[in-house]
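Below you'll find the structure, written out as structure tokens, and then a few comments.
2 protein chains.
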Amino acid sequence: MADKTICPKFESALNILNKRWTGLIIFQLLEGAQRFSTIEASIGISGRVLSERLKDLEKQGIVKRHVYDETPVRIEYALTEKGKALEPVLESIQKWADGWMEKEKQSFV
Amino acid sequence: MADKTICPKFESALNILNKRWTGLIIFQLLEGAQRFSTIEASIGISGRVLSERLKDLEKQGIVKRHVYDETPVRIEYALTEKGKALEPVLESIQKWADGWMEKEKQSFV
DNA sequence: AATATTAACTTACTTTATGTAACTAAGTAT
DNA sequence: ATACTTAGTTACATAAAGTAAGTTAATATT
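Rendered as structure tokens:
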């Protein structure tokens, strides 16, 4: 219901980062490959949604899933090149946050 | 339930951009002040949520609301300095999208 | 005078997304 | 045979977003 003149690639990109938790997941993985439970604990996401997000990100070619047949099984998630290419985006967010976010805790109600 | 070592400002910033529609609203306003119905139509957001988002963004000091007492009343929403400072963020997303998003329509199911 | 128009919302209700907690599967170790 | 560990999945509850109709205020039209 709109004659959007917005670049569809841009919109798609926003639709990825838009989703809750996606930014933090990628931020974590920028430090290197990590396993499910580590990501889960470090950003406080629920397993249900993390599972969902990782599948989405894999489908988008942003994350790659590696299975190590140890015992118990070890599975690591790592950024692809496409995923690593998001680092400047997160950096620019960090820069903005440093410059403009106050320290007072606001809860965005 | 996590010992997050993540910068709280960064997290707060992500929590803003994380929310559905926020990125597109700011993108629209980067072109200049716009009224409610214009934003609504241009990005395809529902009035209910747009109203909610604009209030949030105003509370965050990212958007300013200007009332022009014409008839019918004209109200314009414009970015503050803090809001305009998000331009590099959106630019970096655009850059990533140009370099890495395929044209095939994927629906992120 | 009564009705209609317009912008900017709001309200009530439905659908979708996320949170919570318990459960499953595979591969050992006890 | 039972227990332990990781990586999930399932069923159910709550929160967020979508939809469509209604509200308010200031005219403009009939």
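Each protein sequence line maps, in turn, to chains E and R.
Going left to right, the first sequence walks through residues 1 to 109 as our numbering numbers them.
Going left to right, the second sequence walks through residues 1001 to 1109 as our numbering numbers them.
For every residue, glycine included, the Cβ atom is placed at its ideal position computed from N, Cα and C.
In this structure, the straight-line span from the alpha carbon of residue 93 of chain E to that of residue 100 of chain E is close to 10 Å. Of all residues in the stretch 73-99 of chain E, only 82, 85, 86, 88, 89, 92, 93, 94, 96, 97, 98, 99 come within less than 7 Å of chain R when Cβ atoms are compared, listed by chain position.
Residue 64 of chain E is bridged by DSSP to E:78. With fewer than 16 neighbouring CB atoms inside 10 Å of its own CB, residue 1055 of chain R falls in the exposed class.
DSSP places residue 9 of chain E inside the alpha helix (DSSP H), whose first and last residues are 8-18. Contact with chain E is absent for residue 1047 of chain R, since none of that chain's Cβ atoms lies less than 9 Å from the residue's Cβ. If the five residues before and after residue 1050 of chain R are omitted, its C-beta is found closer than 8 Å to the C-beta atoms of 1021, 1025, 1036, 1039, 1040, all from its own chain and listed in chain order. Taking a Cβ-Cβ threshold of 9 Å, none of the residues of chain R is close to residue 32 of chain E; the smallest such distance is about 14 Å. Counted as a single uninterrupted DSSP element, the alpha helix (DSSP H) harbouring residue 97 of chain E occupies residues 87-100. A residue is called buried once 16 or more other Cβ atoms fall within 10 Å of its Cβ, and residue 59 of chain E, having fewer, is exposed. Of the other Cβ atoms in all chains shown, 16 or more fall within 10 Å of the Cβ of residue 1053 of chain R; this residue is therefore buried. A straight-line Cα-Cα distance of about 37 Å links residue 1014 of chain R and residue 1070 of chain R.
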